[in-house]
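Report on the following structure.
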Amino acid sequence: MPDPQTNAEATEPPGARRLDRNIRAILQQREDEERNRNLQDRVSERITNFAGSWKFILLHVFLYGIWIGVNLGLLPIVPVFDPTFATLAMVASVEAIFITTFILITQNRMAANDAKRADLNLQVSLLAEQEATQLLTLTLAIAERLDVRTDVNDAIHELATEITPEQVLDRLEEREADRSDH
């Protein structure tokens with residue numbers, strides 16, 4: 001009887017195991033980050049998530065609606081307690097300050113995570129660039145050994161020239177300096 005695992009592997013598209021391994025690594029990294037978050041980050045994210053929800057909006061429509069209705073005299077069973085709405089304005093302002101702070105805390109954490117992902121993406125791109133350069137160099141060596149000439153040899157020679165990240169950053173700084181001088 002054939003092994004079901006072997007049959008499953010035979011029907012997998014090329015690279016599926018590598019893709020699965022990469023996905024597992026990404027999910028594991030996210031789980032590790034989630035597990036290592038401190039209490040402040042968890043609280044900030046919960047508050048931010050709530051503040052960005054329909055429940056938050058509906059709760060405020062309800063509470064502020066009652067507050068306004070009472071203080072306009074629309075609900076005679078409750079005495080007016082804030083006829084100028086100064087207290088309501090103060091409560092809303094203080095709430096806005098705290099919610100804004102929690103949102104900024106959450107955004108700072110998200111920006112730090114984005115920076116890590118950008119660094120990873122840059123590293124992967126640099127590795128791919130180095131691999132492509134090595135492949136082009138090898139291809140050129142084989143073509144020269146076999147005395148094969150094509151119309152793209154000059155372009156391939158240029159592409160096979162290794163460019164370091166430092167060179168890119170230096171050139172970028174030069175161009176930005178030139179642009180700011182004009």
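Counting from 1, one number per residue, gives the positions in the sequence shown under the UniProt record's numbering.
Backbone N, C-alpha and C fix where the C-beta goes; we use that ideal spot for every residue, glycine too.
This structure is a prediction, so every number in the text was calculated from the model and none was measured.
- In the structure shown, the three-state DSSP call for E162 is coil.
- Contact check for N71 and F62: beta-carbon distance about 15 Å, past the 8 Å limit, so the pair fails to qualify.
- Beyond the five residues adjoining it in sequence on each side, Q130 comes within less than 8 Å, by CB distance, of E162 in the same chain, given in chain order.
- Per DSSP, the unbroken alpha helix (DSSP H) holding F102 starts and ends at A86 to R145.
- For H60, the uninterrupted alpha helix (DSSP H) run begins and ends at W54 to N71, by DSSP.
- The Cβ atoms of S44 and I105 sit closer than 8 Å to each other.
- About 6 Å separates the Cβ atoms of T133 and A160, confirming a contact at the 8 Å cut-off.
- At the C-beta level, A51 and I97 stay beyond 8 Å of one another.
- In the three-state reduction of the DSSP assignment, N38 falls in the coil class, being assigned neither a helical nor a strand state.
- Cα atoms of M90 and W67: separation of roughly 13 Å, rounded to the nearest angstrom.
- By the neighbour-count criterion, in which a residue is buried when 16 or more other Cβ atoms sit within 10 angstroms of its Cβ, T48 is buried.
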